[in-house]
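Encoded as structure tokens, the structure appears first; notes follow it.
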Amino acid sequence: MATRKWKQPFHQARRFLAKYWLKLHPQVTVIGITGSYGKTNTTRAIAQVLSEKFKVLQTDLNLDTNYNLPITLLKLRNHQKLVLEYGVDHKGEMDAHLKLARPSIAVVTGINPTHSEPELLGSLEGVIKEKSKILAKSKLAILNKDDQYVRQMKPRISVLWCSSVSKADFWADEIKVDFKGTTFAFHHGDKEVQMKTGLVGRHFVQTCLAAAAVGVTEGLSWEQIQAGLAKLEPLKGRLNIEKGPKGSILINDALRANPASTLAGLQVLNDLPRQPAGRRIAVLGEMGELGQLAKKEHQRVGQELAKLKMDFLISVGPLQKFTAQAAIKEGMKKNQVFWVKDVAEAAEILQKILKKGDLFYLKGSLLRHMERILLILRGGKVNCFVSNCHHYQPCTDCPNLQKSF
Numbered sequence: 001m002a003t004r005k006w007k008q009p010f011h012q013a014r015r016f017l018a019k020y021w022l023k024l025h026p027q028v029t030v031i032g033i034t035g036s037y038g039k040t041n042t043t044r045a046i047a048q049v050l051s052e053k054f055k056v057l058q059t060d061l062n063l064d065t066n067y068n069l070p071i072t073l074l075k076l077r078n079h080q081k082l083v084l085e086y087g088v089d090h091k092g093e094m095d096a097h098l099k100l101a102r103p104s105i106a107v108v109t110g111i112n113p114t115h116s117e118p119e120l121l122g123s124l125e126g127v128i129k130e131k132s133k134i135l136a137k138s139k140l141a142i143l144n145k146d147d148q149y150v151r152q153m154k155p156r157i158s159v160l161w162c163s164s165v166s167k168a169d170f171w172a173d174e175i176k177v178d179f180k181g182t183t184f185a186f187h188h189g190d191k192e193v194q195m196k197t198g199l200v201g202r203h204f205v206q207t208c209l210a211a212a213a214v215g216v217t218e219g220l221s222w223e224q225i226q227a228g229l230a231k232l233e234p235l236k237g238r239l240n241i242e243k244g245p246k247g248s249i250l251i252n253d254a255l256r257a258n259p260a261s262t263l264a265g266l267q268v269l270n271d272l273p274r275q276p277a278g279r280r281i282a283v284l285g286e287m288g289e290l291g292q293l294a295k296k297e298h299q300r301v302g303q304e305l306a307k308l309k310m311d312f313l314i315s316v317g318p319l320q321k322f323t324a325q326a327a328i329k330e331g332m333k334k335n336q337v338f339w340v341k342d343v344a345e346a347a348e349i350l351q352k353i354l355k356k357g358d359l360f361y362l363k364g365s366l367l368r369h370m371e372r373i374l375l376i377l378r379g380g381k382v383n384c385f386v387s388n389c390h391h392y393q394p395c396t397d398c399p400n401l402q403k404s405f
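Going by UniProt numbering, the sequence shown opens with residue 1, and the numbers climb by one from there.
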């Protein structure tokens with residue numbers, strides 16, 4: 001995200017001070033996390049695990065990386081570990097981040113076409129190139145073996161691979177998901193340890209593996225790693241379980257959306273125990289910033305969703321037309337699939353079909369503000385139905401929510 005011109009002098013001054021301040025704290029180990037998805041929860045998991053032994057500082061989860069890095073560095077005091085999220089969406093941003101703070105340990109969560117638009121990183125290859133820069137400046141890489149694009153990276157440093165589907169330096173099996181979280185068997189060499197986390201979803205096992213790998217590298221005991229992972233709970237709007245409208249169970253994943261996180265969320269909907277007489281309903285908003293791959297990626301979601309045997313799909317917005325069409329082509333019946341133009345129509349359909357015991361998954365990119373569907377279903381006054389809003393704050397804090405557009 002570009003810095004506004006009038007803010008640039010202040011931002012540059014803060015960066016200068018932050019870089020100098022970090023040099024005054026040579027005792028700090030910097031752990032950097034990047035990727036197209038999973039950064040926030042991986043940052044949280046690593047910080048939580050390390051906190052079992054060390055004094056840890058991590059980046060603010062609600063700020064853009066351009067501002068976040070210098071602000072976080074200036075908070076350094078007697079900390080021993082610094083866990084930083086390196087988000088990039090424009091060419092050259094990783095270089096700027098690395099000039100400020102070079103991580104000793106680099107973690108890459110996964111790669112997909114998010115931010116591949118021409119004015120951003122240009123292509124999937126551009127995404128891989130920009131994010132892989134973090135590896136050249138680090139001493140150790142912890143990488144997701146399950147991601148085909150991460151496997152293409154060729155770092156010239158030591159690498160630890162993590163996998164939830166095959167053997168690796170750190171790997172997992174016996175994965176079980178329920179409403180309280182996820183359990184799995186963790187393997188490293190000859191060691192096997194039972195782990196649990198409050199995060200709901202098998203894809204979070206990869207998050208936990210990365211955190212465990214950092215923990216082992218930094219000398220934590222298995223008991224400390226277990227304790228740290230067990231304390232993790234879902235963030236609001238990132239696969240947290242709530243009481244839904246009309247006695248349904250809501251899987252709220254409406255804060256952000258990209259292809260990997262959407263497919264992971266649908267897998268959670270599929271994995272959670274079906275309630276008596278309950279059905280599985282997916283309500284999907286558009287995935288943004290996919291550039292020329294937008295149609296293809298929305299189609300892919302529809303194809304995979306149909307394989308999971310959902311009871312209903314409600315697709316919201318122009319690009320979601322491709323998801324709905326692909327789902328029908330792959331076997332969903334036409335009376336199971338609804339393609340609507342906005343959140344008002346989606347809420348109207350849900351009001352008719354939702355019943356007690358249904359599992360209801362809500363997903364969409366931040367600027368699609370899918371949370372408006374919940375506000376409508378819960379009796380709130382909503383008159384803003386724009387499909388793509390450029391306000392980042394929650395709709396409940398927006399003065400436009402009750403205005404007509």
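The C-beta atom is built at its ideal place from N, Cα and C for all residues, glycine as well.
| query | result |
| --- | --- |
| Just to confirm, are Val193 and Ile142 a CB contact at a threshold of 9 Å? | no |
| Name the residue from Glu125, Arg15, Leu124 whose alpha carbon lies nearest to the alpha carbon of Leu74. | Arg15 |
| Report yes if the CB atom of Ser116 is closer than 9 Å to the CB atom of Glu289, and no otherwise. | yes |
| Return yes when the Cβ of Leu235 is within less than 9 Å of the Cβ of Thr59, no when it is not. | no |
| Rounding to the nearest angstrom, what Cα-Cα distance links Val382 and Gly219 in this structure? | 52 Å |
| Helix or strand or just coil, what does DSSP make of Tyr67? | helix |
| Between which two residues does the alpha helix (DSSP H) containing Lys133 stretch? | 124 to 136 |
| Can at least three beta-carbon pairs, one atom from the stretch 246 to 258 and one from the stretch 267 to 285, be found at a separation below 8 Å? | yes |
| What would DSSP say about Asn62, mapped onto helix, strand or coil? | coil |
| Which same chain residues end up closer than 6 Å to Tyr392 when comparing Cβ atoms and leaving out the 5 residues on each side of it in sequence? | none |
| Can you say whether Ala257 is buried or exposed, counting buried as having 16 or more other CB atoms within 10 angstroms of its CB? | buried |
| Pull up the DSSP beta-bridge partners for Asp342, would you. | According to DSSP, which records beta bridges pairwise, Asp342 is partnered with nothing at all. |
| Can you tell me whether Tyr20 is buried or exposed? The criterion is at least 16 other CB atoms within 10 Å of its CB, across all chains shown. | exposed |
| Between Ala18 and Ile71, what straight-line distance do the alpha-carbon atoms span, to the nearest angstrom? | 7 Å |
| Smallest Cα separation from Ala47: which of Gly215, Asn252, His25, Gln148? | Gly215 |
| Whose C-beta lies closer than 8 Å to the C-beta of Lys55 among residues of the same chain, with five residues either side of it excluded? | Asn78, His79, Gln80, Lys81 |
| Below 7 Å CB to CB, which residues in the same chain sit around Ser163 once its five sequence neighbours on both sides are set aside? | Lys145, Asp146, Trp171 |
| Output the distance between the C-alpha atoms of Ala260 and Phe10, rounded to the nearest integer angstrom. | 36 Å |
| Would you mind reading off the limits of the alpha helix (DSSP H) that contains Gln280? | Note on identity: in this sequence residue 280 is Arg, with Gln being the wrong assignment. Run containing Arg280: none in the alpha helix (DSSP H); it sits in the beta strand (DSSP E), 280 to 284. |
| How about Gly285 and Gly317: are their beta carbons less than 9 Å apart? | yes |
| Restricting to Cα atoms, I'd like to know which of Phe179, Lys231, Gln206 is closest to Thr197. | Lys231 |
| In whole angstroms, what separates the C-alpha of Val177 from that of Ala185? | 13 Å |
| Please state if the CB of Cys208 and the CB of Leu229 are separated by a distance shorter than 9 Å. | yes |
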